[in-house]
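Peer 1: Okay, handing you the structure first.
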Amino acid sequence: MTWWTRLLGRLGLERRSVDYADPALRYLSGGPRTASGEPVSVERAAGLTAVWACVTLIAGSIASMPLVLYRRVDDSRERAVDHPLYDILHTRPNPAQSVVAFWEAMVTALLLRGNAYALLTRDDAGRVRALWYVNPDRVQVDVTRAGRLRYRVTTGGQTTTVEAGGMLHVAGPMSDDGYTGRSVITTFRETLGLGLALERYGAEFFANAATPKGVLTAATRLSKEAHERLAAAIAETQGQAGRRHRTMVLEEGLKFEPIGVSHEDSQFVESRRFTTEEIARIFGVPPHMIGAEVQGSMTYANAETRALDYLKFCLGPWLARIEAAVTVSCIPAAERTQLYAEFLPDALLTTDTKGRYEAYRIGLEAGFLTLAEVRRKENLPALAGRAPTVA
Numbered sequence: 081m082t083w084w085t086r087l088l089g090r091l092g093l094e095r096r097s098v099d100y101a102d103p104a105l106r107y108l109s110g111g112p113r114t115a116s117g118e119p120v121s122v123e124r125a126a127g128l129t130a131v132w133a134c135v136t137l138i139a140g141s142i143a144s145m146p147l148v149l150y151r152r153v154d155d156s157r158e159r160a161v162d163h164p165l166y167d168i169l170h171t172r173p174n175p176a177q178s179v180v181a182f183w184e185a186m187v188t189a190l191l192l193r194g195n196a197y198a199l200l201t202r203d204d205a206g207r208v209r210a211l212w213y214v215n216p217d218r219v220q221v222d223v224t225r226a227g228r229l230r231y232r233v234t235t236g237g238q239t240t241t242v243e244a245g246g247m248l249h250v251a252g253p254m255s256d257d258g259y260t261g262r263s264v265i266t267t268f269r270e271t272l273g274l275g276l277a278l279e280r281y282g283a284e285f286f287a288n289a290a291t292p293k294g295v296l297t298a299a300t301r302l303s304k305e306a307h308e309r310l311a312a313a314i315a316e317t318q319g320q321a322g323r324r325h326r327t328m329v330l331e332e333g334l335k336f337e338p339i340g341v342s343h344e345d346s347q348f349v350e351s352r353r354f355t356t357e358e359i360a361r362i363f364g365v366p367p368h369m370i371g372a373e374v375q376g377s378m379t380y381a382n383a384e385t386r387a388l389d390y391l392k393f394c395l396g397p398w399l400a401r402i403e404a405a406v407t408v409s410c411i412p413a414a415e416r417t418q419l420y421a422e423f424l425p426d427a428l429l430t431t432d433t434k435g436r437y438e439a440y441r442i443g444l445e446a447g448f449l450t451l452a453e454v455r456r457k458e459n460l461p462a463l464a465g466r467a468p469t470v471a
């Protein structure tokens, strides 16, 4: 028992920990404090430009990819456009959201909170009719004795229990319990706290006219009245952005001695650059894609390679998690041998015109592409009246 606990006991007070899972308390407190002294919450962390850039980049990239329901046909496949789930996944998940808005919300929640949830509404036959995004802060996950997941969803002060079949749950990596993902904000709280501390330092730096250019010295002790006049003069000429750098008249033998400490000397800029790179590493995003400086020259060839790395190593694992969750939650068990969902990253792989046409030529000559398929990829109409040929 600590002295603090004993003191509370003598006063008849109960020591209670703050439940930062409560959205209201987290908003009011700003989240748990870090070694930098800055409280870190999802809301505050999202205010960091590097975090915002990473999240919007990944969420926007995934939301821009079509999610297609496929049907296996012998050794090939075809789009299952006649299936009721096709339009829900590809075009309209619910009457209130477009597919882009829905997946942006889901992926943003997945990145920042470690989990993404969507309520499933089904018809009398048990087929999914809509996907409704749910804020992860309002969902509590329980595990039954049978090992099945159960979700408690709180909205408007009312808690509803949803069985596993009624929820699309995409869990992030680094799970502690095997069922739910870990929040990036919680896992890397200290790194993000440093970023917030640097933001605050920079804001206060400029709010207070930045580093003082020098000090005032006097041969004799200043009177109280002189002190007050000096403070008023400093506030008048230097205290606001529009009045800085004005000439200040000194009195009573005061002398100005420059000290010349620059912002660069305090390593502020370097610290911010390092924190930006750290945040990019956390999200697996190439730093140059969020505007960070890149060492060495950036050529077209290595830029294309980095774009492929971004798709493979950053987006790839997230796409796999979403596809697996959709397959398990939305496709009936009896149909999973024939149906599956898959994102199409073609739009992100689009190169320049010459590069695309060269790739098409190789595909046509090798026989794994037809002219009809090439024209569809280029959004060109079919060649009516004659069969396409290759010269």
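Counting along the sequence shown from 1, when you hit position 385 you're at 465 in our numbering, and nothing is skipped either side.
The C-beta atom is built at its ideal place from N, Cα and C for all residues, glycine as well.
Quick one: grab the DSSP three-state call for H249.
Peer 2: Here H249 sits in strand by DSSP.
Peer 1: Tell me which same chain residues have a C-beta within less than 6 Å of the C-beta of V122, skipping the five on either side of it?
Peer 2: Taken in chain order, the residues that qualify are L192, I265.
Peer 1: For the alpha helix (DSSP H) that contains F268, what are its first and last residues?
Peer 2: It is not in any alpha helix (DSSP H) - F268 carries neither H nor E in the DSSP assignment.
Peer 1: With C-beta atoms as the reference, is L149 less than 8 Å away from A139?
Peer 2: No, these two residues do not count as a Cβ contact at 8 Å.
Peer 1: Evaluate E350 with the Cβ neighbour count: other Cβ atoms within 10 Å of its Cβ, from every protein chain shown; 16 or more gives buried, anything less gives exposed.
Peer 2: Result: exposed.
Peer 1: With distance defined between alpha-carbon atoms, name the residue in W398, H307, R416, A421 nearest to V365.
Peer 2: It is W398 whose Cα lies nearest to the Cα of V365.
Peer 1: Spell out a yes or no on whether the region 211-219 and the region 169-188 are touching, meaning 3 or more CB-CB pairs, one atom from each, closer than 8 Å.
Peer 2: Touching, yes, given that three or more Cβ pairs across the two stretches are closer than 8 Å.
Peer 1: Answer with buried or exposed for L473, where buried requires no fewer than 16 other C-beta atoms within 10 angstroms of its C-beta.
Peer 2: In the structure displayed, the chain extends from 81 to 471; residue 473 sits before or after that span and is not available.
Peer 1: Which word fits H307, buried or exposed, when buried means at least 16 other C-beta atoms lie within 10 angstroms of its C-beta?
Peer 2: Per the 10 Å Cβ criterion, exposed.
Peer 1: Do G273 and E118 have their beta-carbon atoms positioned less than 8 Å apart in this structure?
Peer 2: In this structure, G273 lies closer than 8 Å to E118 by Cβ.
Peer 1: Using 10 angstroms around the beta-carbon of R202, count the other beta-carbons present and answer buried if the total reaches 16, otherwise exposed.
Peer 2: Exposed: under 16 other Cβ atoms inside 10 Å.
Peer 1: Going by C-alpha distance, which of V120, V221, E357, V250 is nearest S409?
Peer 2: Nearest of V120, V221, E357, V250 to S409, Cα basis: V250.
Peer 1: Please return the same chain residues whose Cβ sits closer than 7 Å to the Cβ of F393, not counting the five positions on each side in sequence.
Peer 2: Answer for F393: G364, listed in chain order.
Peer 1: For E438, is the classification buried or exposed, using 16 other Cβ atoms within 10 angstroms of its Cβ as the cut-off for buried?
Peer 2: Exposed, since its Cβ has fewer than 16 Cβ neighbours within 10 Å.
Peer 1: Mapping the DSSP letters down to three states, classify E415 as helix, strand or coil.
Peer 2: DSSP places E415 in helix when its eight states are reduced to three.
Peer 1: Can you tell me whether DSSP reads Y259 as helix, strand or coil?
Peer 2: Three-state DSSP puts Y259 in coil, outside helix and strand.
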